[in-house]
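Q: Please read through the structure below; I'll follow up with questions.
There are 4 protein chains.
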Amino acid sequence: MSRKPNTEARRAEIIRALQSVMATHGYEKATIQAIAKEAGLAPGLLHYHFKSKQEILVSLVTSLADYGQRRFEQIAGKAESPMDLLNAYLEARVGLGDGAAAEIVAAWVMIGAEAVRQAEVREVYQRAIATELELLSELLANCLRERQRVTTGSRDLAAALLAMMEGAYQLASATSGIMPVGYAAQSALRHAMLSIDAAPLATAS
Amino acid sequence: MSRKPNTEARRAEIIRALQSVMATHGYEKATIQAIAKEAGLAPGLLHYHFKSKQEILVSLVTSLADYGQRRFEQIAGKAESPMDLLNAYLEARVGLGDGAAAEIVAAWVMIGAEAVRQAEVREVYQRAIATELELLSELLANCLRERQRVTTGSRDLAAALLAMMEGAYQLASATSGIMPVGYAAQSALRHAMLSIDAAPLATAS
Amino acid sequence: MSRKPNTEARRAEIIRALQSVMATHGYEKATIQAIAKEAGLAPGLLHYHFKSKQEILVSLVTSLADYGQRRFEQIAGKAESPMDLLNAYLEARVGLGDGAAAEIVAAWVMIGAEAVRQAEVREVYQRAIATELELLSELLANCLRERQRVTTGSRDLAAALLAMMEGAYQLASATSGIMPVGYAAQSALRHAMLSIDAAPLATAS
Amino acid sequence: MSRKPNTEARRAEIIRALQSVMATHGYEKATIQAIAKEAGLAPGLLHYHFKSKQEILVSLVTSLADYGQRRFEQIAGKAESPMDLLNAYLEARVGLGDGAAAEIVAAWVMIGAEAVRQAEVREVYQRAIATELELLSELLANCLRERQRVTTGSRDLAAALLAMMEGAYQLASATSGIMPVGYAAQSALRHAMLSIDAAPLATAS
DNA sequence: TATGAATGAGCTTTCATTCAT
DNA sequence: AATGAATGAAAGCTCATTCAT
Numbered sequence: 001m002s003r004k005p006n007t008e009a010r011r012a013e014i015i016r017a018l019q020s021v022m023a024t025h026g027y028e029k030a031t032i033q034a035i036a037k038e039a040g041l042a043p044g045l046l047h048y049h050f051k052s053k054q055e056i057l058v059s060l061v062t063s064l065a066d067y068g069q070r071r072f073e074q075i076a077g078k079a080e081s082p083m084d085l086l087n088a089y090l091e092a093r094v095g096l097g098d099g100a101a102a103e104i105v106a107a108w109v110m111i112g113a114e115a116v117r118q119a120e121v122r123e124v125y126q127r128a129i130a131t132e133l134e135l136l137s138e139l140l141a142n143c144l145r146e147r148q149r150v151t152t153g154s155r156d157l158a159a160a161l162l163a164m165m166e167g168a169y170q171l172a173s174a175t176s177g178i179m180p181v182g183y184a185a186q187s188a189l190r191h192a193m194l195s196i197d198a199a200p201l202a203t204a205s
Numbered sequence: 001m002s003r004k005p006n007t008e009a010r011r012a013e014i015i016r017a018l019q020s021v022m023a024t025h026g027y028e029k030a031t032i033q034a035i036a037k038e039a040g041l042a043p044g045l046l047h048y049h050f051k052s053k054q055e056i057l058v059s060l061v062t063s064l065a066d067y068g069q070r071r072f073e074q075i076a077g078k079a080e081s082p083m084d085l086l087n088a089y090l091e092a093r094v095g096l097g098d099g100a101a102a103e104i105v106a107a108w109v110m111i112g113a114e115a116v117r118q119a120e121v122r123e124v125y126q127r128a129i130a131t132e133l134e135l136l137s138e139l140l141a142n143c144l145r146e147r148q149r150v151t152t153g154s155r156d157l158a159a160a161l162l163a164m165m166e167g168a169y170q171l172a173s174a175t176s177g178i179m180p181v182g183y184a185a186q187s188a189l190r191h192a193m194l195s196i197d198a199a200p201l202a203t204a205s
Numbered sequence: 001m002s003r004k005p006n007t008e009a010r011r012a013e014i015i016r017a018l019q020s021v022m023a024t025h026g027y028e029k030a031t032i033q034a035i036a037k038e039a040g041l042a043p044g045l046l047h048y049h050f051k052s053k054q055e056i057l058v059s060l061v062t063s064l065a066d067y068g069q070r071r072f073e074q075i076a077g078k079a080e081s082p083m084d085l086l087n088a089y090l091e092a093r094v095g096l097g098d099g100a101a102a103e104i105v106a107a108w109v110m111i112g113a114e115a116v117r118q119a120e121v122r123e124v125y126q127r128a129i130a131t132e133l134e135l136l137s138e139l140l141a142n143c144l145r146e147r148q149r150v151t152t153g154s155r156d157l158a159a160a161l162l163a164m165m166e167g168a169y170q171l172a173s174a175t176s177g178i179m180p181v182g183y184a185a186q187s188a189l190r191h192a193m194l195s196i197d198a199a200p201l202a203t204a205s
Numbered sequence: 001m002s003r004k005p006n007t008e009a010r011r012a013e014i015i016r017a018l019q020s021v022m023a024t025h026g027y028e029k030a031t032i033q034a035i036a037k038e039a040g041l042a043p044g045l046l047h048y049h050f051k052s053k054q055e056i057l058v059s060l061v062t063s064l065a066d067y068g069q070r071r072f073e074q075i076a077g078k079a080e081s082p083m084d085l086l087n088a089y090l091e092a093r094v095g096l097g098d099g100a101a102a103e104i105v106a107a108w109v110m111i112g113a114e115a116v117r118q119a120e121v122r123e124v125y126q127r128a129i130a131t132e133l134e135l136l137s138e139l140l141a142n143c144l145r146e147r148q149r150v151t152t153g154s155r156d157l158a159a160a161l162l163a164m165m166e167g168a169y170q171l172a173s174a175t176s177g178i179m180p181v182g183y184a185a186q187s188a189l190r191h192a193m194l195s196i197d198a199a200p201l202a203t204a205s
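Chains as they are written, first to last, in UniProt numbering: chain V, 1 to 205; chain W, 1 to 205; chain R, 1 to 205; chain L, 1 to 205.
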């Protein structure tokens, strides 16, 4: 009698198509027509499932943030020590990826630029970054504790590592050869370890 | 009798106007009308001095790269030791800036996104990044040499620091409070020093 | 076993929903989606019960015309003298109404505008107006006869009163405070009475 | 050297074109393309001279209101007595018009409908109506004074006449033969005179 | 050099209508 | 009878670019 809803599946398809088109053409040039074509849908359908183009973008941001979380949890499953967890995190973020990874990274760079100029995008982007910062900060603190170091600097260190990763995304997407994304994982890890070792010992109080 | 040519001055004004509009609205929304208004010029004049809108953007990229060079040289003038020079470099790139700095930083982030999708922009962007990498690499090698360390890792370290700075630009522009630009200078410097100290000693060969 | 046909009930619901949406948004902005939502029905159902959106509009016009007739007959039931009947008519048309009345009045104004541009709507609208004119004309003639006046001018007077009422609908819907609908009843009645009194006496021929 | 602005002339052309298209097709169907074609201009030019389609509509409303004022003043120039002035006013509003008049009348009817649903249009429409009411009220008061009548009812009478005229516009535009516009002038005048004569005498206070 | 009007392609969005279920 | 997804043709609006002055 009644037709069954398929909105969620369609929304996912559309979001994925936006990610794909944005990666190479940017947000402005990711026209509704282009996204529809990429998804193999009629253009009008996009506005049936989404109120506006911007809503697709916002959905993409949260979708990518969620994907990052899931990927970390997946890799972290096998980890045991705090150091393994940190490693898993960096791997999940900047580990050597397949073809899809490059697309995600480029899309994320475009999102970053949109976050600068669109308040609605900035909001979700900021939330995603804050969550990352929180998580990374905690992972670092655990590493520091394990080695009996003070955890005072963990948040600053997390911010530095986060910046390094975001910058690696940018450079990997916009330049060729100068800095591969995967390469950033090593740098970040090295930086983390040097900083952890350099942190003062926590004295028993 | 003859009109005094003011093309260079006009071009500079227009480039500056693009930078200003891009910082808040991005490249696509930086319309010729908006740029003209910001520069206090008639819209038609922009296409008299530039062949296309993209040409203004390309000019802005080289203009900003040159500005960065000049700023470093200016600050570096007082420097004596390799460490002072490195410090000067980081200061020039991510040192505490005034209001204008935030605009430049945001514009640079937008340029980074455009470099991903426009080949012409990518070319000049890449050249600018390569030059930076070269310079920073050299500065780091000098520091390493001064401390009798091997210089093998200087280029990788430079890449990591560059990524950190670019990422700091991004986060500073798109989030509030999470990561101020100026803050990146300290992180980068700390990272540099830790890495230098951790580098193996150069043995006399 | 057999499904109970409810087409008529559904049609009425849909017509009522169009009236409601049109009152505030006009005909063009009364989208099928909006009408369906107002009626609490699925959008697709509207085209099952009506061939087109315009058909709903045409049905609304006749529906409102019928409603007007019924309302008059209802109020007129208690009337005895020609003057009472005239009074009843004006009361039915522009008498103080409840909330629903404002909606009906506004919808009628929108219908009037559509009648100007859509031939199909104009046809039924014109028929409705002609019927009104006929009725009012007759009511006035009766009043004139009762007072032994010539009935020559009754049709012109009816037209003037009709115009006044339509204009009152318009002003009541588009302005606030300047002219309440209910207020028009008094003006029309006064005009009618003055005109009746001023009409020449019918001489026995 | 510089091109001289012609915005005012162009705006007038565009406004006139909207009036023309609206008269037969209504506001929604008066597309930018249609208006441009009617005016013999490129579609894009309309948005160069007007920020939005609605702004053209609002301009048309004030333009028509101004035109009405000028027309009255022109006709009133020859008038001497208060009665002549009243006559001139009604003539200016509903007097037999040429072809252009029918267009203006139809356009005004469409504007009335838009005023119901668009706040911005309602505002200027309301202002125009209020001005008319004020003027007509004053004219009627003068007539009453001349005949030593109390002026208490002048505003109510003005409202009734205004409604009658607006209704005549509607009926004249949407029906054929039932009520010509020009015919309303006589009805209104007759109503005015009957009311004036029926008004109580002003006693010397 | 400089102005600002003009052009037209292309954008996002809306929507009546159709149709598979 | 009923559902809600799907379609595609417009709609209003934007904008780089051109051009007459």
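Each residue gets a CB set at the ideal place from its N, CA and C atoms; glycine is no exception. Here the structure is a predicted model, which means the values were calculated and not measured.
In chain R, which residues lie with their C-beta within 9 Å of the C-beta of L:Glu-28?
A: In chain order: Gly-26, Tyr-27, Glu-28 and Lys-29.
Q: If I follow the unbroken alpha helix (DSSP H) through L:Ile-196, where does it start and stop?
A: Start and end: 181-198.
Q: List, in chain order, every chain W residue whose beta-carbon is nearer than 7 Å to that of V:Gln-54.
A: Neighbours of V:Gln-54 on chain W: none; closest Cβ ~13 Å, over 7 Å.
Q: When you check each C-beta in the stretch 116-133 of chain R against every C-beta of chain L, which residues fall closer than 8 Å?
A: Those residues of the stretch 116-133 of chain R that come within reach of chain L (Cβ to Cβ, closer than 8 Å) are Val-116, Arg-117, Arg-122, Tyr-125, Gln-126, Ile-129, Ala-130 and Leu-133.
Q: Report the residue ranges of all alpha helix (DSSP H) runs contained in full by the stretch 118-191 of chain V; include only those spanning at least 4 residues, in chain order.
A: Entirely contained in the stretch 118-191 of chain V, the alpha helix (DSSP H) runs reaching 4 residues are, in chain order, 119-146 and 154-174.
Q: Determine whether the beta carbon atoms of R:Met-110 and R:Met-165 lie at a separation below 8 Å.
A: Going by C-beta atoms, R:Met-110 is not nearer than 8 Å to R:Met-165.
Q: Give the straight-line distance between the Cα atoms of L:Met-179 and R:Ala-130, rounded to the nearest whole angstrom.
A: If you take the alpha carbons of L:Met-179 and R:Ala-130, they lie about 10 Å apart.
Q: Please state if the CB of L:Arg-149 and the CB of L:Ala-202 are separated by a distance shorter than 8 Å.
A: Cβ atoms of L:Ala-202 and L:Arg-149: closer than 8 Å.
Q: So W:Ser-52 is in the alpha helix (DSSP H); what residue range does that whole segment cover?
A: From DSSP, W:Ser-52 is part of no alpha helix (DSSP H); its letter is neither H nor E.
Q: Comparing C-alpha positions only, which one of W:His-49, W:Leu-144, W:Leu-86 and W:Gln-19 sits nearest to W:Leu-189?
A: Taking only the C-alpha atoms, the option nearest W:Leu-189 is W:Leu-86.
Q: Closest Cβ-Cβ distance between R:Thr-175 and chain L: below 8 Å?
A: Chain L contact via Cβ: present.
Q: Compute the Euclidean distance between the alpha carbons of R:Glu-132 and W:Ala-34, then round it to the nearest angstrom.
A: Distance between the alpha carbons of R:Glu-132 and W:Ala-34 is about 58 Å.
Q: Chain R beta carbons: is any one of them nearer than 8 Å to that of L:Gln-170?
A: It does: the Cβ of L:Gln-170 has a partner Cβ on chain R nearer than 8 Å.
Q: Taking only beta-carbon positions, decide if L:Asp-66 is within less than 8 Å of chain R.
A: Cβ-Cβ to chain R under 8 Å: no for L:Asp-66.
Q: Give a yes or no on whether the minimum CB-CB distance between W:Val-21 and chain V is below 8 Å.
A: False, the Cβ-Cβ gap to chain V never drops below 8 Å.
Q: Quick one: does W:Ala-34 have its CB under 8 Å from some CB of chain V?
A: Cβ-Cβ to chain V under 8 Å: no for W:Ala-34.
Q: Could you check whether the Cβ of W:Ser-2 sits closer than 8 Å to any Cβ belonging to chain V?
A: Only weak support is given to the placement of W:Ser-2: the predicted model assigns it a pLDDT of 42, under 50, and the value that follows is read from those uncertain coordinates. With 8 Å as the cut-off, W:Ser-2 does not count as an interface residue toward chain V.
Q: Nearest-angstrom Cα distance between R:Val-121 and L:Asn-142?
A: Spanning the two alpha carbons is a distance of roughly 43 Å.
Q: So that I know if they touch, is there some Cβ in chain W lying closer than 8 Å to that of V:Thr-112?
A: Inspection of the sequence shows that residue 112 of chain V is occupied by Gly rather than by Thr. Answer yes: the Cβ-Cβ gap between V:Gly-112 and chain W drops below 8 Å somewhere.
Q: Which whole runs of the alpha helix (DSSP H) in the UniProt domain "HTH tetR-type" (8-68) of chain L are 4 residues long or more, in chain order?
A: Complete alpha helix (DSSP H) runs here, min 4: 32-39 and 43-49.
Q: Inspect the beta-carbon positions of residue 210 of chain W and W:Leu-45 and report whether they are closer than 8 Å.
A: Residue 210 of chain W is absent from the model: chain W starts at 1 and stops at 205.
Q: Using a Cβ cut-off of 8 Å (strictly closer), state whether R:Val-58 contacts chain L.
A: Answer no: the Cβ-Cβ gap between R:Val-58 and chain L never drops below 8 Å.
Q: Return yes when the Cβ of V:Gln-170 is within less than 8 Å of the Cβ of residue 207 of chain W, no when it is not.
A: Any property of residue 207 of chain W remains undetermined from this structure, which presents chain W solely from 1 to 205.
Q: Considering only their Cβ atoms, is the gap separating V:His-49 from V:Ile-14 smaller than 8 Å?
A: Yes, these two residues count as a Cβ contact at 8 Å.
Q: Quick check: what's the CA-CA separation for V:Glu-55 versus R:Ala-101?
A: Distance between the alpha carbons of V:Glu-55 and R:Ala-101 is about 40 Å.
Q: Sort L:Ala-184, L:Leu-157, L:Ala-158 and L:Leu-139 by Cα distance to L:Glu-80 and report the nearest one.
A: Nearest of L:Ala-184, L:Leu-157, L:Ala-158 and L:Leu-139 to L:Glu-80, Cα basis: L:Leu-139.
Q: Going by beta carbon distance, what residues of the same chain come within less than 6 Å of V:Arg-71, once the five residues before and after it are set aside?
A: Closer than 6 Å at the Cβ level, and outside the excluded window around V:Arg-71, lie Ala-92.
Q: Taking C-beta pairs closer than 7 Å, name the residues in chain W that V:Val-61 reaches, listed in chain order.
A: What V:Val-61 touches in chain W: nothing, since even the nearest Cβ is about 11 Å away.
Q: So who's on the other strand from L:Leu-86, going by DSSP bridges?
A: DSSP lists no partner for L:Leu-86.
Q: Please work out which residues of its chain come closer than 6 Å, Cβ to Cβ, to L:Ala-115, disregarding the five sequence neighbours upstream and downstream, and give them in chain order.
A: Contacts found: Val-121, Arg-122 and Tyr-125.
Q: Nearest chain V C-beta to W:Glu-166 closer than 8 Å, yes or no?
A: Yes, contact with chain V.
Q: Tell me the rounded alpha-carbon separation between V:Leu-194 and V:Leu-144.
A: Each residue's alpha carbon lies about 11 Å from the other.
Q: With a threshold of 8 Å between beta-carbons, can R:Val-150 be considered close to chain L, or not?
A: Answer no: the Cβ-Cβ gap between R:Val-150 and chain L never drops below 8 Å.
Q: For chain R, check one thing: does any of its Cβ atoms lie closer than 8 Å to the Cβ of L:Ala-184?
A: At least one chain R Cβ lies under 8 Å of L:Ala-184.
Q: Taking only beta-carbon atoms, is W:Leu-194 less than 8 Å away from chain V?
A: It does: the Cβ of W:Leu-194 has a partner Cβ on chain V nearer than 8 Å.
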